[in-house]
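S.K.: One structure follows; several queries about it will come next.
In the numbering used here, the protein residues as written are -8 to 321.
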C-alpha cells in the first residue's frame, strides 16, 4: 500500500468527517445532581465526535436521562481517542466515543491503558459510507482504481479498512495497486472537484455535499458485501475507571440505553438533535443517509472489525473482543 505524504500514523474514527465544533454541553435542564444510588462519582466528562454517532448522547442530555440516574454530564468534542488518552488515563475524562478500529488499535499496544466497551453507538448502513468519484470520471468499476489515488481521512482508519476487502474482490492488491492519500475531510470535496485525487472515501453528510457541489457519484458503497453493517463506533472506558466506578458506569449505561432506543426507532429525534451539537443545518440533518443505532452490545459484531484489522495488518495479533465487553446490568 503506497501512502501519501500527509501522515503515516494517524488513526481517526469514521465520523470525524464532520467539522469539530469544539463546544461542550451539559445535562443541565432538570434540577441538580443527586447521589441517591450511591454512585462513586456524579460529574462526568464524555469525549465525543460531533456527528451522527453521538446523537444518542445528546438525546440523553436533552431529555434528562442522565439526571434521572443521578449524573451530571458534560461533553468535549474530540478528533480521536488517542488525542485524549492522557485524560482517560488520569480520570479527568470518564468515557469516550471511539471508532472500533481506533480503540482496537489502542488496545493492541500494551503500553496504552486497557479499555473495555460499555455501550454500542453506531453501525454502517447503505448509502452513508463510500468511495466517491468526480463527475464524468473514467472510473466505472472498482477494478478501474488500479494505479489511482484515493483520499481518506486516515491511513489506518475505517475508510481504508472497509475499502481493502472490496479492492481484493476486484482483483487488486491494496498494498500495491492503489495509493491512499491522507487528507482532512474539510479538503476532500474540493480536491475531488479539482482532480487532485481520483477518488475519495467519505461519509454523509459529505457524500451528499459532494454530489451537490461537484456532481460526484458513489462508485462503491463500502458498507455492502463483506463489510455490510460493520460496527462503526462505541462507548469505551478504561478498565481502571470501570473497576473504580461500577455503579456510575451502570448509571451511564442505563441512560444511554434509553437514548439509543429512541435513536434506533425515531429518525425525527436524530434529525432534531443533530444541529444542536454539530454545524449541520436542519435541512441537511433531515436528508442525509444515516447509519444504524444498535440497541445491544455484541462482541460477535465487533469481532468482525478486529478480524479485518488483523487480516490487513492494522494490528499484528488477534484480539478477543469478548474480553473487552461490559454488558449493561439493567
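The C-beta atom is built at its ideal place from N, Cα and C for all residues, glycine as well.
Since the model is a prediction, treat every value here as computed from it, not as a measurement.
Do you know how far the Cα of residue 294 is from the Cα of residue 311?
M.R.: Distance between the alpha carbons of residue 311 and residue 294: 7 angstroms.
S.K.: Would you kindly work out how many angstroms separate the C-alpha atoms of residue 277 and residue 197, rounded to a whole number?
M.R.: Between residue 277 and residue 197, the C-alpha separation is close to 14 angstroms.
S.K.: Please classify residue 322 as buried or exposed, where buried requires at least 16 neighbouring CB atoms within 10 angstroms.
M.R.: A query on residue 322 cannot be resolved here, the shown segment of the chain reaching from -8 to 321 and no further.
S.K.: What are the partner residues of residue 316, as DSSP defines its beta bridges?
M.R.: For residue 316, which the question treats as bridged, DSSP gives the partners 108.
S.K.: State the Cα-Cα distance for the pair residue 179 and residue 134, rounded to the nearest angstrom.
M.R.: Cα to Cα, residue 179 sits roughly 22 angstroms from residue 134.
S.K.: In or out: residue 54 buried (at least 16 other Cβ within 10 Å) or exposed?
M.R.: Its Cβ being crowded by 16 or more others within 10 Å, residue 54 is buried.
S.K.: Only counting runs of 3 or more residues, tell me where the beta strand (DSSP E) segments fall wholly within the segment 170 to 248, in order along the chain.
M.R.: The segment 170 to 248 contains these whole beta strand (DSSP E) runs: 170 to 173, 190 to 194, 208 to 212 and 222 to 229.
S.K.: How big is the Cα-Cα spacing for residue 142 and residue 280?
M.R.: Residue 142 and residue 280: Cα-Cα distance of roughly 21 angstroms.
S.K.: Tell me, which residues are paired with residue 87 by DSSP?
M.R.: According to DSSP, which records beta bridges pairwise, residue 87 is partnered with 38 and 227.
S.K.: Look up residue 291 in the DSSP assignment and say whether it is helix, strand or coil.
M.R.: If DSSP states are grouped into helix, strand and coil, residue 291 belongs with the helices.
S.K.: What residue range does the alpha helix (DSSP H) around residue 140 cover?
M.R.: Here residue 140 belongs to no alpha helix (DSSP H); instead the beta strand (DSSP E) covers 140 to 143.
S.K.: Between which residues of its own chain and residue 12 is the CB-CB distance below 8 angstroms, once the five residues before and five after are set aside?
M.R.: Any reading at residue 12 needs caution, since the residue's pLDDT is 36, under 50, leaving its predicted position unreliable; the model's value is listed next. For residue 12, where only same-chain residues beyond five positions count, the Cβ hits under 8 angstroms are 41, 68, 268, 269 and 270.
S.K.: Please report the straight-line C-alpha distance between residue 204 and residue 32, rounded to a whole angstrom.
M.R.: In a straight line, the C-alpha of residue 204 is about 48 angstroms away from that of residue 32.
S.K.: How close, in whole Å, do the beta carbons of residue 152 and residue 30 come, if the pair is a contact with beta carbons under 8 angstroms?
M.R.: Not confirmed; about 37 angstroms, so no contact.
S.K.: Using 8 angstroms for Cβ pairs, my map puts residue 227 next to residue 123. What's the rounded Cβ distance?
M.R.: Residue 227 to residue 123, Cβ: 30 angstroms. No contact.
S.K.: In the DSSP assignment, find the alpha helix (DSSP H) that holds residue 59 and state where it starts and stops.
M.R.: Run containing residue 59: 56 to 59, per the alpha helix (DSSP H) assignment.
S.K.: Please report the distance separating the alpha-carbon of residue 362 from that of residue 144.
M.R.: As shown, the chain starts at -8 and ends at 321. That puts residue 362 outside it, with no answer to give.
S.K.: To the nearest angstrom, how far is the alpha carbon of residue 115 from that of residue 247?
M.R.: Straight-line Cα distance between these residues: approximately 19 angstroms.
S.K.: Taking the beta carbon of residue 254 as the centre, do at least 16 other beta carbons fall within 10 Å, making it buried, or is it exposed?
M.R.: The residue in question, residue 254, is buried, as its Cβ has 16 or more Cβ neighbours within 10 Å.
S.K.: When the distance is taken between beta carbons, is residue 207 closer than 9 angstroms to residue 186?
M.R.: In this structure, residue 207 does not lie closer than 9 angstroms to residue 186 by Cβ.
S.K.: Alpha carbon to alpha carbon, how far is residue 210 from residue 166? Give it in angstroms, no decimals.
M.R.: For residue 166 and residue 210, the distance between alpha carbons rounds to 20 angstroms.
S.K.: Please report the straight-line C-alpha distance between residue 275 and residue 195, rounded to a whole angstrom.
M.R.: Near 10 angstroms, if we compare the C-alpha coordinates of residue 195 and residue 275.
S.K.: Just to confirm before moving on: does the CB-CB distance between residue 66 and residue 36 stay below 9 angstroms?
M.R.: Result yes, Cβ atoms of residue 66 and residue 36 sit closer than 9 angstroms.
S.K.: Reducing DSSP to helix, strand and coil, say where residue 116 ends up.
M.R.: Coil, per DSSP.
S.K.: Would you mind stating whether residue 229 and residue 106 have Cβ atoms separated by less than 9 angstroms?
M.R.: For residue 229 and residue 106, yes; Cβs fall inside 9 angstroms.
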